[in-house]
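Residue numbers (the numbering used here), protein chains in the order written: chain A, 38 to 423; chain B, 4 to 323. See below for the structure under consideration.
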């Protein structure tokens, strides 16, 4: 057995930390604030990563990447999320929009979309969820109706992150009615600058820009905008969800904040109730547990296998960790408020973590969906010792 | 990165599980409870056939992994013999095995075993042990007996080095507990698929499914923590003791959830002797309570971690 990711990954991790220290202001808490400077930080940082060949390092060399190992990709996910995702919204283009276009796009689509993603110059949003199609995504109603010139799209998407800042949308719409609701869906790549698209931000407690409504009114799309095969978009969506199997490395931010807590609190740490320090230790164990469950998914993926039981178990563990660690950290800063510049920053980080963690069990597939998937897999086959 | 036991270790575990099944499987524990004096003879020769007692988990990574797989298989059958403890016997003492104890209330499931056995406290002091008083019926004691301790080492200087013994004992004990969690989950899965209420299997009810998944997340987490702690022992990492305590805290906490849910989903049947779950559940208690239960383990780990935290992605990084 060997849980050491090796020297290459350690070097990459160090490089990323150095770049964050150099290019990301210490007060940065993510690109989604009312201050446009934060979005600028993310955009600039993406270009720095792109110039260093680190933005798309998982991509194959023919598309400008360097075919990084799964463990290098893991380190990138961990380092970025731990430091409040200084790539901003770009991770979506890099992690799955680009790879999906590589596999299913036409030559024109690859030439048009991949270079800007690789250069960190473009933001994508995902047009999936609708008011009546959340967990039950295949029930979506946004319709692309065929005519002589292509299709006219009408409908509404909701909970669309980054829609106010995105230049492109990965849009899933119904193009026909099949026997099953998963049939007859098509993916379109559409420019958000089209006047037929209207974005309305939804104010939320987790911060601005995270959630939006997107309305499509007679949006004209053509064959050139179709990704993959008409009516067979559901297969692409499944592929996208597979790219997101591990998803964001929530455990990394939890671990970083928990680990930093005693230093941030200073001498008052010793005065905290023993019960609270015990909960802190327990959360560190839970953070390690979630990280190891992520590594299980990655190792299985690396061996060319997919075990839904692993990814669902990980997603349940990590989203619960997000919320439970936020509760512990909030209690710590409430009882022993850190002081000084670094202390105030730690408090803001904890507050941001606590507010955002509320959405952890809902975002990217609710915890209930993960439980359903896990139960289905568990009941279908007994789990064996790996 | 290689987060799995070797194929050889996994195969060894499967062989041990099959051998214990052939020797009686669940009946081993039932027989041992009826005739406690037989418990060593029910299990030990079966594993001796497989060369278990020649394994040297301190000597090689391969044998450590084989020992872990063996403990997991012993846990699956709740084998009525201290397998992990025997595998942990120190090379420099003429004993059958070694148990990890607290100095204040030393106890271990050694009732009725001839021995001799040694004990090591969480701070690395070693003792010869003498079971205290007459053995209580295993039905309520699960073979646990209080121990009188006689110091082995003249000085406490070597205590720090002997933390490796404590670490190994904690880690292999958790591999046994993991085997019990595997079994509890397998039994419960089978039960909810088979048991019908309101005209359909319990497994069809989402309330049942969700409880099962919560238990599985706990079990799966222990499996990963157990692998990590084993590697830490193998690699002789300075953090190995912390990793063992972290595993133990995770395992004891998980066991509470897993057994609570497995009992709930079995209904009243789960308390009955005719149900295997009740046997695994009863005999999991010593592993969950000794040397320390959840609160005690959390306390020791918290003291150990102090302000530096648990080794991981950000250990030693300053927050500026």
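The C-beta atom is built at its ideal place from N, Cα and C for all residues, glycine as well.
At a Cβ-Cβ threshold of 8 Å, residue 293(B) and residue 253(B) do not count as neighbours. Residue environment for residue 192(A): buried (at least 16 other C-beta atoms within 10 angstroms of its C-beta). For residue 46(B), no Cβ of chain A is located within less than 8 Å of the residue's own Cβ. The closest CA to that of residue 42(A), considering only 248(A), 115(A), 242(A), is found on 115(A).
Under the Cβ criterion (8 Å, minimum of three pairs), the stretch 241-261 of chain B counts as touching the stretch 182-192 of chain B. Only buried fits residue 237(B), as 16 or more other CB atoms lie within 10 angstroms of its CB. Contact with chain B is found for residue 353(A), since one of that chain's Cβ atoms lies less than 8 Å from the residue's Cβ. Within the same chain, Cβ atoms closer than 6 Å to the Cβ of residue 175(A) are found at 218, 219, the five residues on either side in sequence being excluded.
When 9 Å is used as the limit between beta carbons, residue 68(B) is near these residues of chain A: 38, in chain order. Non-local C-beta neighbours of residue 34(B) in its own chain, meaning closer than 7 Å and more than five positions away in sequence, comprise 27, 41, 45, ordered along the chain. Around the C-beta of residue 203(B), fewer than 16 other C-beta atoms lie within 10 Å, and the residue is accordingly described as exposed. Around the C-beta of residue 310(B), fewer than 16 other C-beta atoms lie within 10 Å, and the residue is accordingly described as exposed. Nearest CB-CB separation between residue 142(B) and chain A: not below the 8 Å threshold. Closer than 8 Å to the CB of residue 296(A) there is at least one CB belonging to chain B.
Within the DSSP secondary-structure output, residue 121(B) pairs in a beta bridge with 101(B), 131(B). DSSP places residue 153(B) in the strand class (E or B) of the three-state scheme. As summarised for the stretch 182-253 of chain A, there are no continuous alpha helix (DSSP H) elements at least 4 residues long confined to that stretch.
The three-state secondary structure of residue 255(A), taken from DSSP, is strand. Identification of residues in the stretch 190-220 of chain B having a C-beta nearer than 7 Å to some C-beta of chain A yields 192, 196, 206, 212, 213, 215, 216, 219, 220, given in sequence order.
A Cβ-Cβ separation of about 18 Å leaves residue 86(A) out of contact with residue 150(A) under the 8 Å criterion. Close to chain B, meaning a Cβ-Cβ distance shorter than 9 Å, are the following residues of the stretch 303-315 of chain A: 306, 307, 311, 314, 315. Contact annotation for residue 234(B) against chain A: 38, 39, 40, 41 [CB-CB distance below 9 Å, chain order].
A distance below 8 Å separates the beta carbons of residue 123(B) and residue 103(B). Taking 8 Å as the threshold, the shortest C-beta distance from residue 18(B) to chain A does not fall below it.
Going by DSSP, residue 108(A) is part of the alpha helix (DSSP H) stretching over 107-119.
Among the bridge pairs identified by DSSP, residue 178(B) is matched with none. At a cut-off of 8 Å between C-beta atoms, residue 183(B) does not count as an interface residue with respect to chain A. If you look at residue 234(B), you'll find it isn't in any beta strand (DSSP E); it sits in the alpha helix (DSSP H) that goes 209-237. Neighbours of residue 332(A) in chain B, taken as residues whose beta carbon is under 8 Å from its own, are 4, 6, 227 in chain order.
Proximity of the stretch 296-306 of chain B to the stretch 152-170 of chain B falls short of the contact definition, fewer than three beta-carbon pairs being nearer than 8 Å. Residue pairing by DSSP places residue 54(B) opposite no residue, since no beta bridge is assigned to it. Just so you know, the alpha carbons of residue 411(A) and residue 345(A) end up roughly 7 Å apart. Contact of residue 29(B) with chain A by beta-carbon distance below 9 Å is absent, the smallest such distance being about 17 Å. Interface with chain B (8 Å Cβ-Cβ cutoff): residue 372(A) is excluded. For residue 91(B), there is no enclosing beta strand (DSSP E), as DSSP marks it with neither H nor E. Contact of residue 224(B) with chain A is assigned, a C-beta pair being separated by under 8 Å.
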